[in-house]
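Below you'll find the structure, written out as C-alpha cells, and then a few comments.
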Amino acid sequence: MNQQISTPGSNPAVHEAMEPAAESGHDHPRHGRGLTDYAILLKPRVMSLVLFTGYAGLALAPGSIDATTGLLAVLFIALGAGASGAINMWYDRDIDSQMSRTMNRPIPAGRLKPLAALILGTILSVVSVVGMSIWVNAVASALLAVTIAFYVFIYTIWLKRRTPQNIVIGGASGALPPMIGWAAVTGDIGLGGIVLFAIIFMWTPPHFWALSLFRSADYEKAGVPMLPVVSGERETKRQMLIYTLLLVPITIVPAFIGMSSLAAGAVIALLGVWFIRHAVAVWRTADGESNSEKPRAMFRYSIFYLFLVFVTLLADRWIADLFF
Numbered sequence: 007m008n009q010q011i012s013t014p015g016s017n018p019a020v021h022e023a024m025e026p027a028a029e030s031g032h033d034h035p036r037h038g039r040g041l042t043d044y045a046i047l048l049k050p051r052v053m054s055l056v057l058f059t060g061y062a063g064l065a066l067a068p069g070s071i072d073a074t075t076g077l078l079a080v081l082f083i084a085l086g087a088g089a090s091g092a093i094n095m096w097y098d099r100d101i102d103s104q105m106s107r108t109m110n111r112p113i114p115a116g117r118l119k120p121l122a123a124l125i126l127g128t129i130l131s132v133v134s135v136v137g138m139s140i141w142v143n144a145v146a147s148a149l150l151a152v153t154i155a156f157y158v159f160i161y162t163i164w165l166k167r168r169t170p171q172n173i174v175i176g177g178a179s180g181a182l183p184p185m186i187g188w189a190a191v192t193g194d195i196g197l198g199g200i201v202l203f204a205i206i207f208m209w210t211p212p213h214f215w216a217l218s219l220f221r222s223a224d225y226e227k228a229g230v231p232m233l234p235v236v237s238g239e240r241e242t243k244r245q246m247l248i249y250t251l252l253l254v255p256i257t258i259v260p261a262f263i264g265m266s267s268l269a270a271g272a273v274i275a276l277l278g279v280w281f282i283r284h285a286v287a288v289w290r291t292a293d294g295e296s297n298s299e300k301p302r303a304m305f306r307y308s309i310f311y312l313f314l315v316f317v318t319l320l321a322d323r324w325i326a327d328l329f330f
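Going by the working numbering, the first residue of the sequence shown is number 7, and it counts up by one from there.
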C-alpha cells in the first residue's frame with residue numbers, strides 16, 4: 007500500500023462568523039491589529055477547508071509522495087487559497103461594507119488600504135504557482151493557477167454580481183483543491199480526483215444557499231443576486247433539495263471504484279441521509295420563514311457533513327494501509 011505523509015486535519019468552517027459592526031474613522035491599522043488584519047485578508051477559515059480537502063486528495067491518491075514534497079504541496083495550496091481570498095477582499099470591498107457579516111473586515115472597516123490586499127494576493131499567487139511548479143509538478147501547478155484565476159476572474163469579478171448561478175459555476179474553484187492534491191502525487195487528474203472534485207462541487211450550492219436564505223437581506227442590500235433574492239425562497243429551497251439528492255449518490259462512488267471500502271460507503275450514505283433530511287425540512291418551511299432555525303441548522307450540518315465525508319474516506323484509507 008502507498009505511504010503518505012500525515013498531517014492533522016483542520017475544522018472546515020468555510021465562512022467567517024458574524025463580525026461586530028465596523029468602527030469608523032480608522033484609516034490605518036490600529037496598534038496590534040496589523041498582522042491580524044493581514045491574516046484575515048487570507049480568509050483563514052476558508053483556507054482551513056482548502057488545506058483539509060487538498061490534503062485529503064493527496065492522501066487518497068494512489069502511489070506515494072515524500073513528506074517534504076507533500077508538505078510543500080499543501081503549503082502552496084494554502085498560499086493559493088490565501089491569495090484568492092486577499093484579491094477577493096480587495097475587489098469586493100464595496101459590497102463588504104454593506105453586509106453585516108463582512109463590514110468589519112480590514113478594508114471596509116478602514117484598517118487596511120485596498121492596495122495592500124491586492125499586492126499581497128498577487129505576490130502569494132505567483133509564489134504558490136511557481137513554487138508548486140518547481141518543487142511538486144507542472145500538473146498540480148497548472149491546476150492551482152486555474153483555481154486562483156477561476157475564483158478571482160470568473161467568480162469574483164464576473165459571476166458574483168451578475169447571476170444567481172454564481173455559486174454553482176463559481177463553486178468549481180472551491181472544488182479543485184483535492185484534485186490538486188491528487189495531482190501532486192500522481193502527476194495527473196485521474197478518476198479519483200474527479201470524484202473528489204464532484205463531491206465538493208455538488209455540495210457547494212446547498213451549503214451556500216442555506217446561508218443565503220437567512221442572509222438574504224444582506225445580499226439584497228449589497229446588490230448580490232443570490233438565488234433567494236432573484237428567484238425567491240421557494241425556488242431556492244427546491245434547488246437545494248435537488249442538489250442534495252444529486253450529491254449523496256456521488257459521495258458513495260468512491261466505494262465502487264476502489265477508493266474506499268463498502269463499509270466506508272455505508273457510513274457516508276448514512277451521513278447523506280441526514281443531509282437530505284435537513285434539505286427536506288428546509289423545503290417544507292413556509293415562505294417567509296427563512297430566518298427560522300432550519301436553514302441555519304442545514305448550513306451548520308453541511309460543514310460538519312463535508313468534514314465527516316472526507317474524514318471517513320481518510321480513516322478508511324489509513325485502516326486499509328495499516329491492516330491490509
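Note that beta-carbon positions come from the ideal geometry of N, C-alpha and C, so glycine has one too.
**Report entry** Span separating the alpha-carbon of Leu328 from that of Ala321
**Finding:** C-alpha separation (whole angstroms): 10 Å.
Query raised in the report: Per DSSP, what kind of secondary structure is Thr162 in: helix, strand or coil?
Result: DSSP, read as helix, strand or coil, puts Thr162 in helix.
Query raised in the report: With C-beta atoms as the reference, is Ile83 less than 7 Å away from Gly60?
Result: Yes. Within cutoff.
Query - DSSP three-state assignment for Gln171, whether helix, strand or coil - result: The answer is coil: DSSP assigns Gln171 none of H, G, I, E or B.
**Report entry** Residue closest to Ala216, alpha-carbon to alpha-carbon, out of Leu202, Gln104 and Met304
**Finding:** Comparing Cα-Cα distances from Ala216 to each of Leu202, Gln104 and Met304, the minimum goes to Met304.
Query raised in the report: Is the Cβ of Ser134 closer than 7 Å to any Cβ of chain B?
Result: The structure shown has no chain B; it contains just one protein chain.
**Report entry** Between the CA atoms of Ser147 and Gly31 - distance to the nearest angstrom
**Finding:** In this prediction, Gly31 scores a pLDDT of 36, lower than 50, which makes its location untrustworthy; no coordinate-derived value is stated.
Query raised in the report: Using 8 Å as the threshold, is the segment 188-205 in touch with the segment 124-132, meaning 3 or more CB pairs across them?
Result: These segments do not touch.
Report task. Let me know the secondary structure DSSP gives Asn110 once reduced to three states. Result -> Correct three-state label for Asn110: coil.
Query raised in the report: Is DSSP giving Glu330 helix, strand or coil here?
Result: Looking at the sequence shown, residue 330 is not Glu but Phe. It is coil, neither helix nor strand.
Query raised in the report: Taking the alpha-carbon positions, what's the Ser308 to Thr75 distance?
Result: Distance between Ser308 and Thr75, taken at the CA atoms: about 32 Å.
Query raised in the report: Whose C-beta lies closer than 6 Å to the C-beta of Arg138 among residues of the same chain, with five residues either side of it excluded?
Result: For the sequence presented, residue 138 should be read as Met rather than Arg. Excluding residues within five positions, the ones whose Cβ falls inside 6 Å are Phe82, Ala146, Ser147 and Leu150.
Query - Whole-angstrom distance between Trp280 and Asn8, CA atom to CA atom - result: Any reading at Asn8 needs caution, since the residue's pLDDT is 43, under 50, leaving its predicted position unreliable; the model's value is listed next. Each residue's CA atom was taken as its position, placing Asn8 and Trp280 some 33 Å apart.
Query raised in the report: Asp102 by DSSP, collapsed to three states: which one?
Result: Here Asp102 sits in helix by DSSP.
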